Amino acid sequence: MTDTSAELNGKLLSDDFRLLLSSRAPGNNLATVLSDSPAVGEQQLTQLVAAWLTDQEQDYLDRFSFAKRRSEWLAGRICAKRAVLDLLARQATDPLGPLDISIHNGPKGRPSVVLAETPTEIGKLDISISHSHGKAIGIAGYGLCGVDIQHLSDTLFRVKSRFCDEFETALLETILENDLVQLGLLWVSKEAIRKSFSDIALLGFLEIHLERITVDRGYRLLNFRLGGPMSRLGTVSTTTHVHSAYALAVCTVDATRLKHAGIA
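According to this note's numbering, the residues represented by the sequence shown are 3 to 266, in order.
Below, the structure written as structure tokens:
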């Protein structure tokens, strides 16, 4: 990666897709950053770590022995922090830097963000991170957020029975892309939903039922019904996109929906 700042500026996603994501998010506000994982030398890596990670985050990074895993984890954290900075900048708050933001994993592995100083005029921030085969994505918003990106490979066919039933297969045939893209969009959608609700319920893939597919501004929205008590939420949707050889999906849910459904 010859220009780290250029690779991490989120321009791998089109403006119209990011605007669509924001329009569908709580408060009409969602920041999204997609990047290539940094394939840099040791000196550049050290500079990136010092510029973006707090001491505690650096200690966590040091636990990874494989360079690929370190690069993916770092890229995901940088994407999430850039998304938080972007979101806060829209609120006209006092500017914060990357080291004013700390990302921790909770007991269930869900990342959460802690700000050195929390502006009183903003609500509770939520983030989500994903990475796959050299790509990383981070989102920041309000309410509940979940994002997933997946490199499209034949592995999806081998595990299809774990996440896709016959009805979903028939419904996916209405998508114009090939079978691999169909499965990729379903997989990332269900993963994004699982991440959104991971602190509330551990949803199985087959508890997330695809009911219909719609289109908004050229992008496919996958609409789901959840199983068990979570069914009281009604329809939960993802916004999907195919970027090169990757499928990605974003799920955002207003927290007030949980309260009204008697779930939280």
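Glycine residues also receive a C-beta, built at the ideal position from the N, C-alpha and C atoms. Note that the structure is a prediction, hence the values are computed from the model and not measured.
By the DSSP assignment, the beta strand (DSSP E) with residue i in it spans what residues?
{"i": "Glu-213", "result": "210–218"}
{"i": "Tyr-138", "result": "Checking the sequence, you will find Ala at residue 138 rather than Tyr. Looking at the DSSP string, the run of the beta strand (DSSP E) that includes Ala-138 is 137–144."}
{"i": "Val-183", "result": "Val-183 -> not in any beta strand (DSSP E); alpha helix (DSSP H) instead, spanning 181–198."}
{"i": "Ala-33", "result": "32–38"}
{"i": "Thr-56", "result": "Taken as a continuous stretch (DSSP letters only), Thr-56 belongs to no beta strand (DSSP E), as it is neither H nor E."}
Is it right to say residue i is buried, meaning 16 or more other beta carbons lie within 10 angstroms of its own, or is it exposed?
{"i": "Glu-74", "result": "buried"}
{"i": "Ser-246", "result": "exposed"}
{"i": "Arg-160", "result": "exposed"}
{"i": "Lys-126", "result": "exposed"}
{"i": "Ser-16", "result": "exposed"}
{"i": "His-262", "result": "exposed"}
{"i": "His-106", "result": "exposed"}
{"i": "Phe-226", "result": "buried"}
{"i": "Ser-67", "result": "exposed"}
{"i": "Pro-231", "result": "exposed"}
{"i": "Leu-10", "result": "Residue placement at Leu-10 is flagged as unreliable, the pLDDT there being 48, under the threshold of 50; the coordinate-derived value follows with that caveat. Its Cβ being crowded by 16 or more others within 10 Å, Leu-10 is buried."}
{"i": "Ala-69", "result": "exposed"}
Just curious, the alpha helix (DSSP H) that residue i is in, first and last residue?
{"i": "Ala-172", "result": "168–174"}
{"i": "Phe-226", "result": "Note, Phe-226: premise wrong, no alpha helix (DSSP H); beta strand (DSSP E) at 221–228."}
{"i": "Ile-131", "result": "That residue, Ile-131, is in no alpha helix (DSSP H); its beta strand (DSSP E) goes 127–134."}
{"i": "Leu-24", "result": "According to the sequence as given, residue 24 is Ser; it is not Leu. Run containing Ser-24: 17–25, per the alpha helix (DSSP H) assignment."}
{"i": "Val-255", "result": "Unbroken run through Val-255 is the beta strand (DSSP E), 248–255; no alpha helix (DSSP H)."}
{"i": "Ile-80", "result": "69–92"}
{"i": "Ser-163", "result": "162–165"}
Tell whether a beta-carbon distance below 9 Å holds between residue i and residue j.
{"i": "Pro-100", "j": "Ala-91", "result": "no"}
{"i": "Leu-260", "j": "Leu-146", "result": "yes"}
{"i": "Ile-215", "j": "Leu-224", "result": "yes"}
{"i": "Thr-240", "j": "Asp-218", "result": "no"}
{"i": "Leu-185", "j": "Arg-222", "result": "no"}
{"i": "Ala-142", "j": "Ala-53", "result": "no"}
{"i": "Val-190", "j": "Asp-156", "result": "no"}
{"i": "Val-238", "j": "Ile-265", "result": "no"}
Would you mind giving the Cβ-Cβ distance between residue i and residue j, rounded to the nearest angstrom? I have them listed as a contact below 8 Å.
{"i": "Ile-129", "j": "Val-116", "result": "Not a contact, Cβ separation roughly 11 Å."}
{"i": "Gly-140", "j": "Ser-198", "result": "Not a contact, Cβ separation roughly 15 Å."}
Exercise for the section: Inspect the CB distances between the region 90–110 and the region 162–180 and report whether three or more fall short of 8 Å. Expected result: no
Exercise for the section: Could you say if the region 64–78 and the region 31–39 meet the contact criterion of at least three C-beta pairs nearer than 8 Å? Expected result: yes
Practice task
Please confirm if the region 134–153 is in contact with the region 174–184, defined as three or more CB-CB distances below 8 Å between the two stretches.
Solution key: No, because fewer than three Cβ pairs between the region 134–153 and the region 174–184 fall closer than 8 Å, the two stretches do not touch.
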